[in-house]
Every structure is written in C-alpha cells, then in structure tokens.
Amino acid sequence: MVKSFVRQALNRVVGWVGTAVVRPPAFTQQVVGPAGPDYVPRPPCNAAELSPAFRALFNEAVASPAKVVYTLPRAAVSWHGVVLRGLQVFVPSLPYHESAAEFTGAYGLRQWVGNPVVRLSGRFGLVHDYWSVNNYYHWLADALPRLLLLRETSPNCALLLPAAAPEYLLTTARALGFSRFQFVEKLAFARGMDLVMPGHTAPVGRQDQALLLEVRRRLLAALAPQPPVAASRRVYASRSRQKTRRLLNEEELLPLLLANGFEVVYFEEYTLEQQIQLMQATSIFVGLHGANMTNLLFLPEHAQVVELMDAENPNLCYFNMCANLGIDYRVIPCAPLHAAQVHRNNYDVTVEVSHLKDFLVKEAR
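Taking the UniProt record's numbering, the leading residue of the sequence shown gets 1, the next gets one more, and so forth.
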C-alpha cells in the first residue's frame, strides 16, 4: 500500500513537471489520406441462426479515420513502440489510447534512469506498438498498413524494431520494401533521432480496406508468386498445442471434420511462406479465434471462413477482415470455461458440434 501511494505521488509530480515545466519538442503531422464515411459490414452468412444479442454485435458501424504521418524531432521510443515527447507519452503511438495512464508520470523517467538507452541520429521509422511487437494479427493487420504509409513518405529511412523480433516481422517488412533495421533491446529506449511514425489506420479490431488489400497483394507477390491452379483444400487450424484459448472438445469435433475432407493443421510447424501457400490452396478455413485466423488474409476470394468464438468475449477482428476481403464468414459462438488466474481473453472454450455439422451438411458438400 505504501509503495502504491509513493508511486501515485511520484506520477503526479512527474506529470506536473512534464506539462508545466519541461516543454516537449514540437511535432508535425501530414494527412496522407482522407477520412472515409462510416459503414456497416455485411453480416455473417449465418446471422439468422445467431441470438439477437449476439447478432447485434455485427451491425455496428465502422469508422474510417484520416491517414496521418507524424514527424517528431528528438523523440524517445521504447523497445515496444511507446513514444515519449519529453516526459509526456505521445498518445497516437498507443494502439489503445485509454492505456495512456500506464505510460505517464514516472514512466517518462525511464528514458534517463534505470533502462538502457540507444542514442541515434538521423531519420527512423516506427510502425509497431506494444500489441504488434509480438502478435501476428496486430503486426499484419495494424503495423503493415502503417508501413505502407511510411513507404509513401519516407521510403529510405531505417525501421525501428525490437531486437527479439519474430522472423515474420523481418520477412514481411522486407516484402514491403524495407531492409534497413535498427534493433532496440527489450526494456531499452532509442533516443535523439527524428522519428517518422504513421498513425494507426483504423480503430481497434478494424482494418482499412484499401491498405489491407494492398498489404495482401504485396505479400502474395513477394512470398507466393505462383498461386495454385485450384483452391480445394479444407483446413482446420488447431490450437491444441497452445497454452491458452483451446477447444476443450476438439476430439469430439475432429471425426466430423475428417469425415468431411478436412485436414488438421498446426501453423506453428509451418514457415510463413508455407502458411501463405496453404491458405492460397484452401476453400474452407475453420478455426478458433486466435492468431491462426490471421492467415485468412491469404485465402482466395471464393473461400469460406468459420470462426469459433467465445460467446461471452466476442472479438470481431476476423469478421471485419473477411468483410474487407469479400470472403464469406460464419461464426459459431462457444461456451467459455471460466478459470481463476486466467485472463478472460484466454479462456478455453467448448463448441456445440452440431452447429458446425449443420454448416457442413448445408454448405460444404
């Protein structure tokens, strides 16, 4: 309790100094794309089978904000993409603006005291944040569209990346035209450079359609230049080898899938290129909500997607991705297993197998 009180007091003092005493460096912003009209995506193909409350989630309008590129002189950037101007967090660098309080106050002191510092000069680009730094979906759907904007405005700058970046970060960045990287070790700050940072291109869980399609086009051209003649494979992406968000009755589901021509895939066994090639050959893709589903980005246009989703914690990011790609989408709500010490986003779930059987009988023959 004493530590918490001291921390809060320090945050208030540093916050006051950061706003009233230390003047943060100025920044500029360039609008490189206008805001678009709000729109409502096409509902799931099985919307009529969903409960009214669950179905209503898919009727929300989607905003399309203006595309902005910020330039910040003498910026400080954490290894996971949090930008500081003096002692103030630069809120547009955060994927979730409501988290700004976590990076205000005493957090700003870390760029000088207690954390390693990499001093840089010149022009550097930033497109990752604390979500996309190690998350496949957020990198492909959030960071890579920003990288396209960086390519428009500063194509020759080096790209800031975390030192332990997964290989897919480097592979996809190269596919979009960037090959000069400045790596920042975990917990370290990069300071002193002129930073070019495209803003986020869509609200959380949404994607900008034009940029998403361009990301898809460029990645396919670079990593799967020769698509298969016909896409006919049926793929179920299993999460049974993961530690969280697993399908508890998967053994009950597998006989149904195998009897209907599905193959069970563990994407962790595949390289990125192999995952893309598999998706290009797939006509029906079934999976539980999670990073595996991001690969629907590489499905052919006529493909069908079935997402198994926690009914109590719905996340519509893959529904929105399918809508932007023009892919038929179905959702099957699943019952979560509440567990102590487990974040609700990571609950294991159980699916009613008959719901998927109905789809296979009606649509997948």
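Ideal Cβ placement from N, Cα and C applies to all residues, glycine included.
Task: Supposed contact pair serine 121 and phenylalanine 189 - C-beta distance, whole angstroms, cut 8 Å - done: Position 189 of the sequence shown, counted from the start, is the residue given in the question as residue 189. Position 121 of the sequence shown, counted from the start, is the residue given in the question as residue 121. Incorrect: roughly 15 Å between the Cβ atoms, too far for contact.
Task: Whole-Å CB distance - arginine 246 paired with aspartate 348, under 8 Å assumed - done: Residue mapping note: residue 246 aligns to position 246 of the sequence shown, counting from 1. Residue mapping note: residue 348 aligns to position 348 of the sequence shown, counting from 1. Contact between arginine 246 and aspartate 348 holds, with the beta-carbon distance rounding to 5 Å and staying under 8 Å.
Open item on the list: Only counting the same chain, and skipping five residues up and downstream in sequence, which positions put a Cβ closer than 8 Å to that of alanine 26?
Closed with: Locating residue 26 in the sequence shown gives position 26, where the first residue counts as 1. Counting only residues of its own chain and dropping the five nearest sequence neighbours on each side, alanine 26 has a CB closer than 8 Å to the CB of Pro73.
Task: Outcome for lysine 67 when other beta-carbon atoms lying within 10 angstroms are tallied against a minimum of 16 - done: Looking up residue 67 in the sequence shown gives position 67. It counts as buried.
Open item on the list: Looking at proline 145: is its Cβ nearer than 8 Å to the Cβ of valine 204?
Closed with: Position 145 of the sequence shown, counting from 1, holds the residue named residue 145. Position 204 of the sequence shown, counting from 1, holds the residue named residue 204. The criterion of a C-beta distance shorter than 8 Å is not satisfied by proline 145 and valine 204.
Task: Beta-carbon contacts of glutamate 273 that lie in its chain and below 6 Å, excluding the five residues immediately before and after - done: By one-based count along the sequence shown, residue 273 stands at place 273. Answer for glutamate 273: Leu223, listed in chain order.
Open item on the list: So, at 6 Å on beta carbons, what are the nonlocal neighbours of residue 394 in its own chain, with the 5 sequence-adjacent residues on each side left out?
Closed with: Because the chain is modelled from 1 through 365, residue 394 falls outside the range shown and cannot be assessed.
- [ ] Could you name the residues of the same chain whose beta carbon sits closer than 6 Å to that of glycine 290, not counting the 5 residues immediately before and after it, in chain order?
- [x] Reading the sequence shown from its first residue, position 290 is the one you call residue 290. Cβ neighbours of glycine 290 beyond the five flanking positions: Arg239 and Arg245.
- [ ] In angstroms with no decimal places, state the Cα-to-Cα distance between asparagine 115 and alanine 100.
- [x] Along the sequence shown, one-based indexing puts residue 115 at 115. Along the sequence shown, one-based indexing puts residue 100 at 100. Their backbone Cα atoms lie some 20 Å apart in a straight line.
TODO: Output the boundary residues of the beta strand (DSSP E) element that contains phenylalanine 58.
DONE: Here residue 58 corresponds to residue number 58 of the sequence shown, with the count starting at 1. Taken as a continuous stretch (DSSP letters only), phenylalanine 58 belongs to no beta strand (DSSP E), as it is neither H nor E.
Open item on the list: Spatial neighbours of cysteine 45 within its chain, please: C-beta separation below 6 Å, excluding the five flanking residues on both sides.
Closed with: As a first step, residue 45 must be located in the sequence shown, where it is residue number 45. For cysteine 45, where only same-chain residues beyond five positions count, the Cβ hits under 6 Å are Asp328 and Arg330.
TODO: Classify tryptophan 139 as buried or exposed, calling it buried when 16 or more other Cβ atoms lie within 10 Å of its own Cβ.
DONE: For this step, residue 139 is matched to residue 139 along the sequence shown. Only buried fits tryptophan 139, as 16 or more other CB atoms lie within 10 angstroms of its CB.
- [ ] Give the C-beta separation of asparagine 295 and arginine 206 to the nearest angstrom, bearing in mind that I take them to be a contact with Cβ-Cβ under 8 Å.
- [x] Reading the sequence shown from its first residue, position 295 is the one you call residue 295. Reading the sequence shown from its first residue, position 206 is the one you call residue 206. Their Cβ separation, rounded to whole angstroms, is 19 Å, which puts asparagine 295 and arginine 206 out of contact at 8 Å.
Task: Residues that methionine 197 bridges to, as DSSP identifies them - done: By 1-based counting over the sequence shown, the position of residue 197 is 197. Tyr70, per the DSSP bridge assignment.
Task: proline 34, buried or exposed, once every other Cβ within 10 Å from all chains shown has been counted against 16 - done: By one-based count along the sequence shown, residue 34 stands at place 34. It counts as exposed.
TODO: Return helix, strand or coil for alanine 291, following the three-state DSSP convention.
DONE: For this step, residue 291 is matched to residue 291 along the sequence shown. Annotated three-state conformation of alanine 291 is helix, per DSSP.
Open item on the list: Restricting to Cα atoms, I'd like to know which of Phe267, Asp194, Asn249 and Ser283 is closest to arginine 234.
Closed with: Indexing the sequence shown from 1 puts residue 234 at position 234. Taking only the C-alpha atoms, the option nearest arginine 234 is Ser283.
TODO: Would you mind stating whether leucine 57 and proline 314 have Cβ atoms separated by less than 8 Å?
DONE: For this step, residue 57 is matched to residue 57 along the sequence shown. For this step, residue 314 is matched to residue 314 along the sequence shown. Between leucine 57 and proline 314, the C-beta spacing is below 8 Å.
TODO: Using a threshold of 8 Å, state whether the C-beta atoms of leucine 87 and glycine 108 are closer than that.
DONE: Within the sequence shown, residue 87 is the residue found at index 87, counting from 1. Within the sequence shown, residue 108 is the residue found at index 108, counting from 1. It is a contact, given that the beta carbons lie within the stated cut-off.
Open item on the list: When you compare the segment 128-139 with the segment 158-173, are there three or more beta-carbon pairs, one atom per stretch, that lie closer than 8 Å?
Closed with: Proximity of the segment 128-139 to the segment 158-173 meets the contact definition, three or more beta-carbon pairs being nearer than 8 Å.
- [ ] Kindly indicate which residue of Leu149, Leu148, Pro227 and Leu356 has the alpha-carbon position closest to the one of glutamate 250.
- [x] Translated into positions along the sequence shown, residue 250 becomes position 250. Measuring C-alpha to C-alpha distances from glutamate 250 to each of Leu149, Leu148, Pro227 and Leu356 identifies Leu356 as the nearest.
Open item on the list: So phenylalanine 183 and leucine 161 are supposed to be a Cβ contact under 8 Å. How far apart are they, rounded?
Closed with: As a position in the sequence shown, residue 183 is number 183, starting the count at 1. As a position in the sequence shown, residue 161 is number 161, starting the count at 1. Going by Cβ atoms, the distance from phenylalanine 183 to leucine 161 rounds to 6 Å, so yes, they are a contact pair.
Task: 8 Å Cβ cutoff met for leucine 219 and threonine 172 - done: Locating residue 219 in the sequence shown gives position 219, where the first residue counts as 1. Locating residue 172 in the sequence shown gives position 172, where the first residue counts as 1. In this structure, threonine 172 lies closer than 8 Å to leucine 219 by Cβ.
TODO: Put glycine 36 into one of helix, strand or coil per three-state DSSP.
DONE: What you label residue 36 is simply residue 36 of the sequence shown in a count that begins at 1. Taken through DSSP and simplified to helix, strand or coil, glycine 36 comes out as strand.
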